[in-house]
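Engineer:
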Amino acid sequence: MSTNPFDNPRSLILSLYMTLVGYGVLVGIPVISTAWVTLLGFTEVQVGRVAGADLGGLSAGAVFAAIVIAKLNRRGLILLGAAIAVTANGLCLYIVDYESVLWLRLMAGFGSGIYTATAVAALGARSNPAFAYNMMLFAFAFSQAAEMQVLPLLSMNGIYWVFIVCFLLTLPFLSWAPAYAVEPDQETVLQQPTALPPPLATYLPWLGLAAIFVTYINIGAYWTYIELAALNASIAPDWINQVLVWSSLCSIVGCLVATLLSDRFGLGRPLMVTLAMMSLMVGMLAFGITDTKLLMSVFSFNVLWIFIDVYQMSTVANVDLTGKFAALMPGAQGLGQIVGPNLAASLLGEQLGYPAVFMMCASAAVIGLAIYAVLYLKLAGNRTRSSI
Numbered sequence: 094m095s096t097n098p099f100d101n102p103r104s105l106i107l108s109l110y111m112t113l114v115g116y117g118v119l120v121g122i123p124v125i126s127t128a129w130v131t132l133l134g135f136t137e138v139q140v141g142r143v144a145g146a147d148l149g150g151l152s153a154g155a156v157f158a159a160i161v162i163a164k165l166n167r168r169g170l171i172l173l174g175a176a177i178a179v180t181a182n183g184l185c186l187y188i189v190d191y192e193s194v195l196w197l198r199l200m201a202g203f204g205s206g207i208y209t210a211t212a213v214a215a216l217g218a219r220s221n222p223a224f225a226y227n228m229m230l231f232a233f234a235f236s237q238a239a240e241m242q243v244l245p246l247l248s249m250n251g252i253y254w255v256f257i258v259c260f261l262l263t264l265p266f267l268s269w270a271p272a273y274a275v276e277p278d279q280e281t282v283l284q285q286p287t288a289l290p291p292p293l294a295t296y297l298p299w300l301g302l303a304a305i306f307v308t309y310i311n312i313g314a315y316w317t318y319i320e321l322a323a324l325n326a327s328i329a330p331d332w333i334n335q336v337l338v339w340s341s342l343c344s345i346v347g348c349l350v351a352t353l354l355s356d357r358f359g360l361g362r363p364l365m366v367t368l369a370m371m372s373l374m375v376g377m378l379a380f381g382i383t384d385t386k387l388l389m390s391v392f393s394f395n396v397l398w399i400f401i402d403v404y405q406m407s408t409v410a411n412v413d414l415t416g417k418f419a420a421l422m423p424g425a426q427g428l429g430q431i432v433g434p435n436l437a438a439s440l441l442g443e444q445l446g447y448p449a450v451f452m453m454c455a456s457a458a459v460i461g462l463a464i465y466a467v468l469y470l471k472l473a474g475n476r477t478r479s480s481i
């Protein structure tokens with residue numbers, strides 16, 4: 094039986110760092126969106142388009158990586174993704190008109206998608222991928238809080254420089270990344286206790302990816318516009334900043350509780366309850382935003398977001414024995430992230446206001462709930478459902 098090179102601690106450390114960098118725009122988008130408005134003069138509709146381009150590029154890059162990752166040297170993919178992202182962010186230092194920035198952010202997202210998908214695939218290739226994804230989400234809680242605290246203090250160019258430096262810091266440690274995956278031998282596959290019958294093993298990852306896409310429509314739109322919506326409701330900027338910072342740290346609680354609940358109740362039932370709660374917490378802002386409602390909604394959103402990611406990524410990991418779907422998870426997230434902000438921008442462009450945006454977010458969470466309800470019913474008669 095061959096040794097799995099992705100189980101090396103150095104591979105885990107590098108992959109975790111890369112996911113934090115690659116998802117940096119995603120978790121910092123409320124602050125970055127506000128910077129595009131206040132520092133570059135973009136409109137609220139333009140912000141949705143630019144955010145959608147950046148995060149849609151992430152999806153496209155991840156899909157590209159998923160197609161070629163089995164054949165190419167993964168270190169080469171990391172270099173390619175970092176080079177594209179650094180180049181695009183570097184050009185953004187000098188080019189600030191909306192049309193150019195739109196395409197540059199798409200380019201930056203594409204490079205980031207290649208870079209991030211390679212890291213997520215490395216986590217998925219470990220012998221215990223669910224543990225690696227939980228570690229990733231724990232790390233996100235701290236990085237998100239740091240971004241909420243630091244990025245508002247920087248200029249637009251300062252924000253771009255942070256991303257450039259973080260990508261470049263990967264290069265001295267590139268040798269920590271295994272160049273190629275080792276396919277699991279037949280004995281290992283047969284011994285997997287959570288392996289599902291072949292028809293379900295083929296069906297479930299795709300359905301899981303579809304659910305990730307739908308739920309990230311909600312996450313993308315809400316997280317892009319929450320700060321701008323609060324400012325529009327005349328909430329004090331200092332209060333908004335403190336809510337964003339401290340709610341990010343509450344994600345740690347979400348990750349811990351999600352892990353404990355999944356150990357006892359599996360993944361399906363807690364996930365459906367979580368999506369129902371998410372729908373309520375984002376939908377409440379459609380009826381007006383106050384200091385208290387903002388606090389409740391944003392704190393709940395951050396905790397529930399982590400819940401959802403723990404369950405969704407673990408669901409895919411449990412049935413994806415080869416790890417080939419792992420690289421597509423950032424693609425599904427990024428696709429939702431391009432659709433969500435663009436739908437929100439279209440609603441704002443039609444003068445429907447932020448109430449319509451938050452109702453759309455709540456509806457996306459309900460659709461995600463419906464997908465998982467169907468999935469859970471499909472698996473209800475299967476004896477292996479305890480892991481789902």
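Residue numbers (our numbering): 94 to 481. We put the beta carbon where it would ideally sit given N, CA and C, even for glycine. Note that this is a predicted model, so its numbers are computed, not measured.
(1) Let me make sure I understand the geometry here. Which of 308, 100 and 321 has the alpha-carbon closest to that of residue 126?
(2) What do you reckon, are the CB atoms on residue 449 and residue 310 nearer than 7 angstroms?
(3) Which residue from 422, 381 and 367 puts its Cα closest to that of residue 396?
(4) Is it buried or exposed, residue 331, if we count other Cβ atoms within 10 angstroms and call 16 or more buried?
(5) Going by the beta-carbon positions, is the gap between residue 178 and residue 205 smaller than 7 angstroms?
(6) Applying the criterion that 16 or more other CB atoms from any shown protein chain within 10 Å of the CB defines a buried residue, is residue 139 buried or exposed?
(7) Looking only at its own chain, which residues have a Cβ that is under 6 angstroms from the Cβ of residue 461, when we skip the five neighbours before and after it?
(8) Buried or exposed, going by whether 16 or more other CB atoms sit within 10 Å of the CB of residue 266?
(9) Cβ atoms of residue 323 and residue 333: under 7 angstroms apart, would you say?
(10) Assign residue 147 to one of two classes, buried (16 or more other C-beta atoms within 10 Å of its C-beta) or exposed (fewer than that).
(11) In this structure, how does DSSP classify residue 273 when only helix, strand and coil are distinguished?
(12) Here's the rule: buried if 16 or more other CB atoms are within 10 angstroms of the residue's CB, otherwise exposed. What is residue 209?
(13) Tell me whether residue 258 is buried or exposed, calling it buried when 16 or more other Cβ atoms sit within 10 Å of its Cβ.
(14) Let me know the secondary structure DSSP gives residue 443 once reduced to three states.
(15) Compare the Cα-Cα distances from residue 96 to each of 365, 273, 329 and 442 and report the closest residue.
(16) Is it true that the CB of residue 337 sits closer than 7 angstroms to the CB of residue 241?
(17) Using CA coordinates, which residue listed in 446, 108 and 468 is at the minimum distance from residue 218?
(18) Can you tell me the Cβ-Cβ gap for residue 117 and residue 256, rounded? I've got them flagged as a contact below 8 angstroms.
(19) Would you mind reading off the limits of the alpha helix (DSSP H) that contains residue 204?
(20) Helix, strand or coil for residue 328? Go by DSSP, reduced to three states.
(21) Taking residue 391 and residue 340 to be in contact with their CB atoms under 8 angstroms, please state how far apart those CB atoms are, rounded to whole angstroms.
(22) Residue 263 to residue 452, Cα distance in whole Å?
(23) Given this structure, state the Cα-to-Cα distance separating residue 372 from residue 316, to the nearest angstrom.
(24) Tell me, to the nearest whole angstrom, how far the beta carbon of residue 269 is from that of residue 142; I am working on the premise that it is less than 8 angstroms.
(25) Can you look up residue 182 in the DSSP assignment and give me helix, strand or coil?
(26) Output the distance between the C-alpha atoms of residue 187 and residue 197, rounded to the nearest integer angstrom.
(27) State the Cα-Cα distance for the pair residue 381 and residue 441, rounded to the nearest angstrom.
(28) Once DSSP output is grouped into helix, strand and coil, what is the label at residue 263?
(29) Which same chain residues end up closer than 7 angstroms to residue 377 when comparing Cβ atoms and leaving out the 5 residues on each side of it in sequence?
(30) Ignore the nearest five residues each way along the sequence and tell me which others in residue 200's own chain have a CB closer than 6 angstroms to its CB.
(31) What residues in its chain sit with their C-beta under 8 angstroms from that of residue 63, if we drop five residues either side in the sequence?
(32) Which value, in whole angstroms, describes the spacing of the CA atoms of residue 425 and residue 156?
(33) Might you give, ordered along the chain, the residues of its own chain that have their beta carbon closer than 7 angstroms to the beta carbon of residue 203, omitting 5 neighbours on each side?
(34) Which residues in the same chain have their Cβ closer than 6 angstroms to the Cβ of residue 393, if we skip the five residues on either side of it in sequence?
(35) Could you check what DSSP says for residue 381 in three-state terms: helix, strand or coil?
(36) Report yes if the C-beta distance between residue 183 and residue 207 is below 7 angstroms; otherwise report no.
Structural biologist: By the coordinates alone:
(1) By one-based count along the sequence shown, residue 126 stands at place 33. Comparing Cα positions, the closest option is 321.
(2) Residue numbering aside, residue 449 sits at position 356 when the sequence shown is read from its first letter. Residue numbering aside, residue 310 sits at position 217 when the sequence shown is read from its first letter. No, they are not a contact pair.
(3) Numbered from its first residue, the sequence shown carries residue 396 at position 303. Among 422, 381 and 367, the Cα nearest to that of residue 396 is on 367.
(4) In the sequence shown, counting from the first residue as 1, residue 331 sits at position 238. An exposed status is given to residue 331, since fewer than 16 other beta-carbon atoms sit within 10 Å of its beta-carbon.
(5) Within the sequence shown, numbered from 1, the residue matching residue 178 stands at position 85. Within the sequence shown, numbered from 1, the residue matching residue 205 stands at position 112. The Cβ-Cβ distance between residue 178 and residue 205 falls below 7 angstroms.
(6) Mapped onto the sequence shown, residue 139 falls at position 46. The residue in question, residue 139, is buried, as its Cβ has 16 or more Cβ neighbours within 10 Å.
(7) Taking the sequence shown and counting its residues from 1, the one referred to as residue 461 is at position 368. Contacts found: 304, 307, 308 and 368.
(8) Locating residue 266 in the sequence shown gives position 173, where the first residue counts as 1. Residue environment: residue 266 is assigned as exposed (fewer than 16 neighbouring CB atoms within 10 Å of its CB, all protein chains considered).
(9) Taking the sequence shown and counting its residues from 1, one reaches residue 333 at position 240. Taking the sequence shown and counting its residues from 1, one reaches residue 323 at position 230. Yes, they are a contact pair.
(10) Residue numbering aside, residue 147 sits at position 54 when the sequence shown is read from its first letter. Buried: at least 16 other Cβ atoms inside 10 Å.
(11) By one-based count along the sequence shown, residue 273 stands at place 180. Residue 273 falls in the coil class under three-state DSSP.
(12) Position 116 of the sequence shown, counted from the start, is the residue given in the question as residue 209. Residue 209 is buried by the Cβ-count criterion.
(13) Taking the sequence shown and counting its residues from 1, one reaches residue 258 at position 165. With fewer than 16 other Cβ atoms within 10 Å, it is exposed.
(14) Counting from 1 along the sequence shown, the entry for residue 443 is found at position 350. The three-state secondary structure of residue 443, taken from DSSP, is coil.
(15) In the sequence shown, counting from the first residue as 1, residue 96 sits at position 3. Closest in C-alpha terms to residue 96, from the list 365, 273, 329 and 442, comes 273.
(16) Locating residue 241 in the sequence shown gives position 148, counting from the first residue. Locating residue 337 in the sequence shown gives position 244, counting from the first residue. With a cutoff of 7 angstroms on beta-carbon distance, residue 241 and residue 337 are scored as near each other.
(17) Translated into the one-based positions of the sequence shown, residue 218 becomes position 125. Checking every option, the nearest Cα to that of residue 218 belongs to 108.
(18) Position 24 of the sequence shown holds residue 117. Position 163 of the sequence shown holds residue 256. Contact holds; Cβ gap of about 6 angstroms.
(19) Translated into positions along the sequence shown, residue 204 becomes position 111. 191–217 is the span of the alpha helix (DSSP H), which, as asked, contains residue 204.
(20) Here residue 328 is taken as the residue at index 235 of the sequence shown, counted from 1. The answer is coil: DSSP assigns residue 328 none of H, G, I, E or B.
(21) Start at 1 with the first residue of the sequence shown, and residue 391 comes out as number 298. Start at 1 with the first residue of the sequence shown, and residue 340 comes out as number 247. So it is a contact: roughly 5 angstroms between Cβ atoms.
(22) Position 170 of the sequence shown holds residue 263. Position 359 of the sequence shown holds residue 452. Their Cα atoms are separated by approximately 40 angstroms.
(23) Here residue 372 is taken as the residue at index 279 of the sequence shown, counted from 1. Here residue 316 is taken as the residue at index 223 of the sequence shown, counted from 1. Their Cα atoms are separated by approximately 14 angstroms.
(24) For the purposes of this step, residue 269 is taken as residue 176 along the sequence shown, with counting starting at 1. For the purposes of this step, residue 142 is taken as residue 49 along the sequence shown, with counting starting at 1. With a beta-carbon spacing of about 37 angstroms, residue 269 and residue 142 fall beyond the 8 angstroms limit used to define contacts.
(25) In the sequence shown, counting from the first residue as 1, residue 182 sits at position 89. In this structure, residue 182 counts as helix in the three-state DSSP scheme.
(26) By one-based count along the sequence shown, residue 187 stands at place 94. By one-based count along the sequence shown, residue 197 stands at place 104. Roughly 11 angstroms separates the two Cα atoms.
(27) As a working mapping, residue 381 is identified with position 288 in the sequence shown. As a working mapping, residue 441 is identified with position 348 in the sequence shown. Near 16 angstroms, if we compare the C-alpha coordinates of residue 441 and residue 381.
(28) Start at 1 with the first residue of the sequence shown, and residue 263 comes out as number 170. Reduced to three states, the DSSP call for residue 263 is coil.
(29) Along the sequence shown, read from residue 1 onward, the residue named residue 377 stands at position 284. Excluding positions up to five away in sequence, the list reads 386 and 390.
(30) Here residue 200 refers to the residue found at position 107 when the sequence shown is read from its first residue. So the qualifying residues of the chain are 181.
(31) For residue 63 there is no data in the structure shown, the boundaries of the chain being 94 and 481.
(32) As a working note, residue 425 is residue 332 in the sequence shown. As a working note, residue 156 is residue 63 in the sequence shown. Between residue 425 and residue 156, the alpha-carbon positions lie close to 9 angstroms from each other.
(33) Position 110 of the sequence shown, counting from 1, holds the residue named residue 203. Non-local C-beta neighbours of residue 203 in its own chain, meaning closer than 7 angstroms and more than five positions away in sequence, comprise 150, 153, 154 and 177, ordered along the chain.
(34) Along the sequence shown, one-based indexing puts residue 393 at 300. Beyond the five residues adjoining it in sequence on each side, residue 393 comes within less than 6 angstroms, by CB distance, of 374 in the same chain, given in chain order.
(35) Translated into the one-based positions of the sequence shown, residue 381 becomes position 288. Here residue 381 sits in coil by DSSP.
(36) Residue numbering aside, residue 183 sits at position 90 when the sequence shown is read from its first letter. Residue numbering aside, residue 207 sits at position 114 when the sequence shown is read from its first letter. Not closer than 7 angstroms, so no.
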